[in-house]
Every structure is written in structure tokens, then in C-alpha cells.
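Enquirer:
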Amino acid sequence: MTYVVTDNCIKCKYMDCIEVCPVDCFYEGENMLVIHPDECIDCGVCEPECPADAIKPDTEPGLDKWLQVNTEYAEKWPNITAKKEPPADAKTFDGEAGKFEKYFSAGPGEGD
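Quick note: the sequence shown uses the UniProt record's numbering, first residue 1, plus one each step.
1. May I have the straight-line CA-CA distance separating Lys65 from Asp38, to the nearest angstrom?
2. Check this for me: beta carbons of residue 114 and Lys76, under 8 Å apart or not?
3. Three-state secondary structure (DSSP) at Glu49?
4. Alpha carbon to alpha carbon, how far is Tyr27 from Ala88?
5. Let's see if you can read the secondary structure: which residues bound the alpha helix (DSSP H) around Phe93?
6. List the endpoints of the continuous beta strand (DSSP E) containing Lys56.
7. Please identify the residue among Glu30, Lys11, Ile18, Asp58 whose C-alpha is closest to the C-alpha of Thr2.
8. When you compare only the Cα positions, how much space is there between Ala106 and Ala74?
9. Roughly how many angstroms separate the alpha carbons of residue 121 and Ile80, rounded to a whole number?
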């Protein structure tokens, strides 16, 4: 088992999860974060820290796509170990359906 970041992180990117991760397995895209599944130690401390409820264990049904997204982009995007401010309009997008199809960006974030 590993944890994955799902579509509710897109355009929210709160980053509370980064502060509690003991192994620094988060990677930053332009408008979301992902978890590197080979680095995640399955401790679960990040899940309750996410205000957008975007972090889930990959054992939940229907998360195969998100495991693939997290795996692919953790290899491409820079590592991030320090919390930054979320986008000013994050609350506007929190909970919106279909965010991957509407807003996902494959572009990297800044990282540390």
C-alpha cells in the first residue's frame, strides 16, 4: 500500500501534507502535488492533514488511475519538502468535480 494524491489537489495545492511527511516523498507540479509510491512508507500522517481531502490510500477502490499519475509525475517533477502558500483562489476549486480533465497541468512546479 501507498498513499496517492487525487484530483481534489488540483488548483488547491494546500501543502499541509508536506510538513508532516517523514520521508519527503512529495513532488510538486504546476498545480498539484504527487506522492512517489516507492518512497512513501505508508505511515498515513499526510492523509488527515490535507484540507482538500485529496490524499487517499491506494487500496481504496477506483484509485488505479491516481497511482499511475502519482508514479509518472513523481519521476518528472521536483521534490518539495517545505510548505508554501496555497494559490489565492484555492477555496474556489476545493471539491469541484472533474478537475483532472479541466485543469491538470503536466508542467513541473518549483520544488525546493
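Think of the CB as a built atom: it goes at the ideal place given N, C-alpha and C, for glycine as much as any other residue. The structure presented is a predicted model; accordingly, all values stated were derived computationally and were not measured.
Expert: Working from what's here:
1. As a first step, residue 65 is located in the sequence shown; it is residue number 65 there, counting from the start. As a first step, residue 38 is located in the sequence shown; it is residue number 38 there, counting from the start. The straight-line gap from Cα to Cα measures roughly 16 Å.
2. Because residue 114 is not part of the residues shown, which for the chain are 1 to 112, the question remains open.
3. As a first step, residue 49 is located in the sequence shown; it is residue number 49 there, counting from the start. If DSSP states are grouped into helix, strand and coil, Glu49 belongs with the helices.
4. Position 27 of the sequence shown, counted from the first residue, corresponds to residue 27. Position 88 of the sequence shown, counted from the first residue, corresponds to residue 88. If I take the Cα positions, the gap works out to 20 Å.
5. Here residue 93 corresponds to residue number 93 of the sequence shown, with the count starting at 1. Looking at the DSSP string, the run of the alpha helix (DSSP H) that includes Phe93 is 90 to 93.
6. Residue 56 sits at position 56 when you count from the first residue of the sequence shown. Where Lys56 is concerned, the enclosing beta strand (DSSP E) stretches over 55 to 57.
7. If you number the sequence shown from 1, residue 2 lands on position 2. Selected option, being the one with the closest Cα: Asp58.
8. In the sequence shown, the residue the question calls residue 106 occupies position 106. In the sequence shown, the residue the question calls residue 74 occupies position 74. Between Ala106 and Ala74, the alpha-carbon positions lie close to 11 Å from each other.
9. What the structure shows of the chain is the stretch from 1 to 112, and residue 121 is not part of that stretch, so it cannot be assessed.
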